[in-house]
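J.: Residue numbers (our numbering): 36 to 369.
Where is the CB? At the ideal position from N, CA and C, for every residue including glycine.
Source: prediction; values computed, not measured.
I have a structure here, written as structure tokens, and I will follow up with some questions on it.
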Amino acid sequence: MSDYKTFNHPERFIEGWYWAIPSKQLKVRQVKSVTLLGRDLALYRGEDGKTYAIDAYCPHMGAHFAEGKVEGNAIRCFFHNWKFDACGSCVDVPSLGKPLAVEVQTWPTAEKYGMVWVWTGDAPKHPLPFVPELENEECDAVFGSHFVKNCHPNVVMINAIDAQHFNTVHNLPLKIVFDYGEINENAIAFSNTTRGGENSLFIKLIRPFYKKEVTYKMCYWYGSTGTVTVGPDFFHFHIMFALRMTEGGKTEGQTILITKKRSPFGGWIFNRVVLWLTQMVGNYFAKGDTQIFQTIKFDLRTPIKEDRAIVQFIQHVEQEKSLNWRSWIPVKAR
Ligand code: FES
Ligand SMILES: [Fe+2]
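What follows is the structure, given as structure tokens:
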């Protein structure tokens, strides 16, 4: 196989924010079991309405905290009722009548676009993934599809900047050249203003709004979450592909359809239509590649000029801070 440190590696990933569970599935005082990047966690929502992530197994005897109970912003183990606060410190051992000096590892969490995200390190060094164009906007977001793919998240992500395949797979006879740029040290962007494609179904679909240019922008976080912005000059659709690696270097993902919030009633209806159209756009691109992701053994042995964006993406992934699957311990520099 290849000689990459992190890219397409089945047991490594970039330190960052990863989606964990939809916000709606975690009500106040609820606790759920989530396995994220090989690590078993218990996620709960405290009485303050905030979400908390803690390593799953109780340091007393290993019971799973998802069997336990939320008290205030702390969690009490079901088995012998030891209690741990939001920082993971033991604050009560009922049979002793006092706490013990033991701790559980906790992880930063945040919510955005209807999703709970977990930061896989100490203090978060970067903002949550966002659509650059909507950075300072309040947004409406709904979930599109939830999916699994039989290949690595990096490989799924590459699809969005694989210039040649827009023509060969998606019937978009466009001349695509991606400009590369950095949003911050953890996020990169590729953008393109395309012309042509008169005969394609997608261009016909957006024909009523379409003058002569189609915008296509792609941003990546941690090589694993990407946002696509696509549309004619004056109306852009935004889709986030939130991916995470599962056992054996496979992919579990969720698409999130996003648009900026518009004023009450009329705006709400307008946004439902926009988000429905966004879903149509997403489906158009999703359907052509399904089978490829089942069987591909990614190995870019013969890159050509048109693959330049892919090579840049790989270089970006290789520069980021790499963590080991399951332990979340940094990979030592070679
Ligand atoms: S296993 Fe958690 S309190 Fe005993
Ligand atoms: Fe594709």
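Strictly closer than 7 Å from CB to any heavy atom of ligand 1: give me those residues in the order they appear in the chain.
T.: For ligand 1, the selected residues are CYS93, HIS95, MET96, GLY97, ALA98, CYS112, PHE114, HIS115, ASN116 and TRP117.
J.: Once you ignore the five residues that flank MET36 on each side, which residues in its own chain have a CB closer than 7 Å to its CB?
T.: Numbered from its first residue, the sequence shown carries residue 36 at position 1. Confidence is the limiting factor: at MET36 the pLDDT is only 49, short of 50, which leaves the residue's position unreliable, though a coordinate-based value still follows. Cβ within range, chain order: n/a, list empty.
J.: I'd like the ranges of any alpha helix (DSSP H) spanning at least 4 consecutive residues and lying wholly in the segment 319 to 352.
T.: List check, alpha helix (DSSP H) in window: 325 to 330.
J.: Report the residue from VAL352, SER362, LYS133 and ALA368 whose alpha carbon sits nearest the alpha carbon of HIS44.
T.: Stepping through the sequence shown from its first residue, residue 44 is reached at position 9. When only C-alpha atoms are compared, the closest one is VAL352.
J.: How long is the line joining the alpha carbons of VAL183 and LEU71, rounded to whole angstroms?
T.: Translated into positions along the sequence shown, residue 183 becomes position 148. Translated into positions along the sequence shown, residue 71 becomes position 36. Cα to Cα, VAL183 sits roughly 14 Å from LEU71.
J.: Tell me, which residues are paired with SER259 by DSSP?
T.: Here residue 259 corresponds to residue number 224 of the sequence shown, with the count starting at 1. Paired residues: none, contrary to the question.
J.: Out of TRP360, VAL191, THR250 and MET275, point me to the one whose CA is closest to ILE327's CA.
T.: In the sequence shown, the residue the question calls residue 327 occupies position 292. Out of TRP360, VAL191, THR250 and MET275, VAL191 has the C-alpha closest to the C-alpha of ILE327.
J.: I'd like to check one pair, TYR255 with GLY51: are the Cβ atoms closer than 8 Å?
T.: Here residue 51 refers to the residue found at position 16 of the sequence shown. Here residue 255 refers to the residue found at position 220 of the sequence shown. It is not a contact, given that the beta carbons lie outside the stated cut-off.
J.: Return the CA-CA distance between GLY123 and MET253, expressed in angstroms with no decimal places.
T.: Taking the first residue of the sequence shown as position 1, residue 123 is located at position 88. Taking the first residue of the sequence shown as position 1, residue 253 is located at position 218. Straight-line Cα distance between these residues: approximately 38 Å.
J.: May I ask you to list the residues that DSSP assigns as paired with VAL166?
T.: Start at 1 with the first residue of the sequence shown, and residue 166 comes out as number 131. None; VAL166 has no bridge partner.
J.: CA-CA distance, ILE274 and THR41?
T.: The sequence position of residue 274 within the sequence shown is 239, counting from 1. The sequence position of residue 41 within the sequence shown is 6, counting from 1. Rounded to the nearest angstrom, the two C-alpha atoms are 25 Å apart.
J.: Between CYS174 and LYS296, how many whole angstroms is the CB-CB distance? I'm expecting something under 8 Å.
T.: Translated into the one-based positions of the sequence shown, residue 174 becomes position 139. Translated into the one-based positions of the sequence shown, residue 296 becomes position 261. 6 Å between Cβ atoms; contact.
J.: Starting from THR41, trace the beta strand (DSSP E) in both directions and tell me its first and last residue.
T.: On the sequence shown, residue 41 is found 6 positions in, with the first residue counted as 1. Note, THR41: premise wrong, no beta strand (DSSP E); not H, not E.
J.: Consider the C-beta atom of ASP157 and the heavy atoms of ligand 2; say whether any pair is separated by less than 7 Å.
T.: Position 122 of the sequence shown, counted from the first residue, corresponds to residue 157. No, Cβ of ASP157 sits at least 7 Å from all heavy atoms of ligand 2.
J.: Quick check: what's the CA-CA separation for VAL204 versus VAL316?
T.: Residue 204 sits at position 169 when you count from the first residue of the sequence shown. Residue 316 sits at position 281 when you count from the first residue of the sequence shown. Rounded to the nearest angstrom, the two C-alpha atoms are 15 Å apart.
J.: Rounded to whole angstroms, how far is the Cβ of GLN65 from the Cβ of ARG47, which I believe are closer than 8 Å?
T.: Looking up residue 65 in the sequence shown gives position 30. Looking up residue 47 in the sequence shown gives position 12. Rounded, the Cβ-Cβ distance is 32 Å, inconsistent with contact.
J.: Between TRP142, PRO338 and GLN314, which lies nearest to GLY179 when the distance is taken from Cα to Cα?
T.: By one-based count along the sequence shown, residue 179 stands at place 144. Cα-wise, what sits closest to GLY179 is GLN314.
J.: Quick one: measure Cβ to Cβ for VAL151 and ILE56, integer angstroms, because I've assumed they're closer than 8 Å.
T.: In the sequence shown, counting from the first residue as 1, residue 151 sits at position 116. In the sequence shown, counting from the first residue as 1, residue 56 sits at position 21. Right, their Cβ atoms sit about 5 Å apart.
J.: Could you say which of PHE201, ASN359 and LEU135 lies nearest to GLY283 if we only look at CA atoms?
T.: Here the question's residue 283 lines up with position 248 in the sequence shown. Minimum Cα distance to GLY283 is reached at ASN359.
J.: Between the segment 296 to 313 and the segment 162 to 171, do at least 3 Cβ pairs fall closer than 8 Å?
T.: Judged by Cβ distances under 8 Å, the segment 296 to 313 makes no contact with the segment 162 to 171, as fewer than three pairs qualify.
J.: Just how far apart, CA to CA, sit GLY288 and TYR251?
T.: Position 253 of the sequence shown holds residue 288. Position 216 of the sequence shown holds residue 251. The alpha-carbon atoms of GLY288 and TYR251 are separated by roughly 21 Å.
J.: With 16 other CB atoms within 10 Å as the buried threshold, where does LYS147 fall?
T.: In the sequence shown, counting from the first residue as 1, residue 147 sits at position 112. Per the 10 Å Cβ criterion, buried.
J.: Leaving aside the five residues before and after ASP120 along the sequence, list all residues of the same chain whose C-beta is less than 6 Å from its C-beta, in chain order.
T.: The residue labelled residue 120 in the question sits at position 85 within the sequence shown. Hits under 6 Å: ALA109 and VAL126.
J.: Could you tell me the distance, in whole angstroms, from the CA atom of TYR245 to the CA atom of ASP90?
T.: Here residue 245 refers to the residue found at position 210 of the sequence shown. Here residue 90 refers to the residue found at position 55 of the sequence shown. Residue placement at TYR245 is poorly supported in this model, since its pLDDT is 49, which falls under 50; the coordinates still yield a value, given next. Rounded to the nearest angstrom, the two C-alpha atoms are 50 Å apart.
J.: Check whether the Cβ atoms of PRO338 and LEU278 lie closer than 8 Å to each other.
T.: Counted from its first residue, the sequence shown places residue 338 at position 303. Counted from its first residue, the sequence shown places residue 278 at position 243. No, the Cβ-Cβ distance between PRO338 and LEU278 is not below 8 Å.
J.: If you compare alpha carbons, which of SER226, TRP303, PHE276 and SER259 is closest to GLY266?
T.: Taking the first residue of the sequence shown as 1, we reach residue 266 at position 231. Answer by Cα proximity: SER226.
J.: Strictly closer than 5 Å from CB to any heavy atom of ligand 3: give me those residues in the order they appear in the chain.
T.: Ligands in the displayed structure: ligand 1 and ligand 2; ligand 3 is not one of them.
J.: Please state if the CB of GLU102 and the CB of PHE113 are separated by a distance shorter than 8 Å.
T.: Sequence index remark: in the sequence shown, residue 113 carries index 78 (1-based). Sequence index remark: in the sequence shown, residue 102 carries index 67 (1-based). Contact flag set, yes.
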